[in-house]
Amino acid sequence: MVLLRTCGLLMVILLAQSAYCKPSDSMEEVDATLNELRMKGTYSEKLTLLIADRFINIPRGRSDKAVKCSKDLLRDTTLLSNTNSEVVNFRRNLTLFVDNYNRTDSLQSIYESLAIFMDTTKHYVELPADKATTESRLIIEQLEKYNCKSVAMELIREFDSFFVDFNRLFEEGKRKNDLSQAQLDWYAKFVKLNNLKDKMVDIIVFMYL
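Numbering (mature numbering (1 follows the signal peptide of the UniProt record, and there is no 0)), first residue to last: -21 to -1, 1 to 188.
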């Protein structure tokens, strides 16, 4: 049986089907087999399927929304004419996201680009009102005006929810001694990560352990 963990991210579901299902299986039978793996497979298989089910699907649709709202915001003369260092830095980072994002790139490249958007907006989405500077308030107003704030909040919720479920499942696997030493070593470093971009990229690293 071919382990799912050796597969590239884009091939996870297809290889899961070929490894665990017969060519003659109907879609219902394929779904039933994968559902059984989610329930009764090894923790390595369960974690891989969780990534395939949840993590890979997060950018779909949302990435295009992030690019559109970022482009609209960057065209606004309110920010273009502002030379304050905070505004200039914000605009530079958002431009970096737009310039780097390409929906036809590898999944890892897409996540790395999307992480720039999230790192750039997350600070302002979560900034308490009493901590905001005049420039911060201006940026927040623009994020709201062009729907970037709601897109960022949706992405943050989805990733936070995924990481909670991933950590819970991994901890179960640890307790049952059903994970490799390489996976345990990876996790020991992963749980110390605070930067969302680092966590997003590191999940992809996990797939190749």
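In this text, a Cβ means the ideal position worked out from N, Cα and C, and glycines have one as well.
Please read these numbers as outputs of a predicted model, since none were measured by experiment.
Rounded to whole angstroms, Gln121 and Ser85 show a C-alpha spacing of 30 Å. Contact between Val77 and Lys50 holds, since their C-beta atoms are separated by about 6 Å, short of 8 Å. Per the Cβ contact rule, the region 98 to 110 is not in contact with the region 27 to 35 (fewer than 3 Cβ pairs under 8 Å). By the neighbour-count criterion, in which a residue is buried when 16 or more other Cβ atoms sit within 10 angstroms of its Cβ, Thr57 is exposed. Assignment of alpha helix (DSSP H) within the region 139 to 185, counting only whole runs of 4 or more residues, yields 160 to 169, 175 to 185 in chain order. In terms of CA proximity to Ile183, Phe145 leads the group Asn156, Asn81, Lys155, Phe145. Our two residues, Ile135 and Asn173, have alpha carbons roughly 13 Å apart in a direct line.
With fewer than three CB-CB distances shorter than 8 Å, the region 94 to 102 does not count as touching the region 148 to 157. Counting of Cβ neighbours within 10 angstroms places Val170 among the exposed residues, the total staying below 16.
Contact between Ala45 and Leu93 holds: CB atoms are separated by about 7 Å, below the 8 Å threshold. Collapsing the DSSP output to three states places Ser60 in coil. A straight-line Cα-Cα distance of about 15 Å links Asn156 and Trp165. The continuous alpha helix (DSSP H) containing Asp51 extends over residues 41 to 53. Here DSSP, grouped into helix, strand and coil, assigns Leu26 to helix.
Counted as a single uninterrupted DSSP element, the stretch harbouring Ala108 is not any alpha helix (DSSP H), since DSSP gives it neither H nor E. Just so you know, the alpha carbons of Asn81 and Ser88 end up roughly 8 Å apart. Take the alpha-carbon of Gly20 and the one of Asp181: they are about 23 Å apart.
Assigned with DSSP and collapsed to three states, Thr99 falls in helix.
By the neighbour-count criterion, in which 16 or more other beta carbons inside 10 Å mark a residue as buried, Leu59 falls on the exposed side.
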